Amino acid sequence: MAVPIGRAGSRLQALVRWLGKTESSQLVHFQKCGFQTSSVCLKNRAARVRVGKGDKPVTYEEAHPPHYIAHRKGWLSQHTSNLDGEAGAAERTIEDVFIRRFIFGTFHGCMANEIVIKRRANIIIICAVLIRKLPVQKFYFLIGYTETLLSFLYKCPVKMEVQTVEEKVIYKYL
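Each residue of the sequence shown is one higher than the one before, starting from 554 at the first, in the working numbering.
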């Protein structure tokens with residue numbers, strides 16, 4: 554909404570005098586310009602879970618909206634490519650998407666929560682919480698298969714840190 558100049562003109566003159574800029578050309582410039590205001594909404598609304606009747610179970614990660622990343626929940630991908638001046642941020646993002654899809658396909662129906670991908674020096678560490686739907690021997694085989702295949706694909710050591718739970722941990726109902 555635009556603020557009319559008549560009401561804001563005296564405020565602008567007082568502000569300019571307070572700042573020590575008393576030239577008349579600057580006052581005229583301020584009075585000729587319109588001042589536009591709008592409500593600020595800095596919250597990301599894309600990835601949040603919609604509130605329903607209270608019968609939908611959600612995990613801790615899903616319960617908090619995206620604007621709480623680094624406040625109430627952590628980053629799901631930890632690496633230094635997002636620092637200022639670092640190259641390869643786009644490549645790391647594409648690699649992370651591939652790793653997530655590969656893990657979700659390999660451990661189909663067994664993921665209890667989102668996976669966390671950590672890159673330390675030349676090592677990729679994948680942290681996952683899995684539901685015990687398969688025999689233990691099959692889990693060990695799939696973990697070794699994933700580590701070996703991703704190590705050959707990315708030409709660096711890949712380690713999986715896995716925790717298993719009986720069922721998906723429900724944080725609250727939305």
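Note that beta-carbon positions come from the ideal geometry of N, C-alpha and C, so glycine has one too.
Please read all numbers here as calculations on a predicted model, not as lab measurements.
- Looking at the DSSP output, L683 shares a beta bridge with M664 and T717.
- Take the alpha-carbon of V715 and the one of V604: they are about 31 Å apart.
- Counted as a single uninterrupted DSSP element, the alpha helix (DSSP H) harbouring V689 occupies residues V689 to Y707.
- Judged by pairs of C-beta atoms under 8 Å, the segment 667-674 does not touch the segment 695-704, as fewer than three such pairs exist.
- Ranked by how close their Cα comes to the Cα of I668, the residues L629, T659, G641 and G638 have L629 in first place.
- Cβ neighbours of T612 within its own chain (closer than 6 Å, five residues either side excluded): N666 and Y724.
- Among the bridge pairs identified by DSSP, P610 is matched with Y726.
- Partner residues in the beta bridge of V711, as assigned by DSSP, are I677.
- A642 sits in a helix when the DSSP states are folded into three classes.
- In this structure, V711 and I677 form a Cβ contact; the two beta carbons are roughly 5 Å apart against a cut-off of 8 Å.
- In the three-state reduction of the DSSP assignment, G658 falls in the helix class, which pools H, G and I.
- Here I679 is buried, its C-beta having at least 16 other C-beta atoms within 10 Å.
- Cβ neighbours of P610 within its own chain (closer than 6 Å, five residues either side excluded): I723 and Y726.
- In the three-state reduction of the DSSP assignment, R653 falls in the helix class.
- With a cutoff of 8 Å on beta-carbon distance, L683 and I652 are scored as not near each other.
- With respect to the 8 Å criterion, F660 and L695 are classified as neighbours on the basis of their beta carbons.
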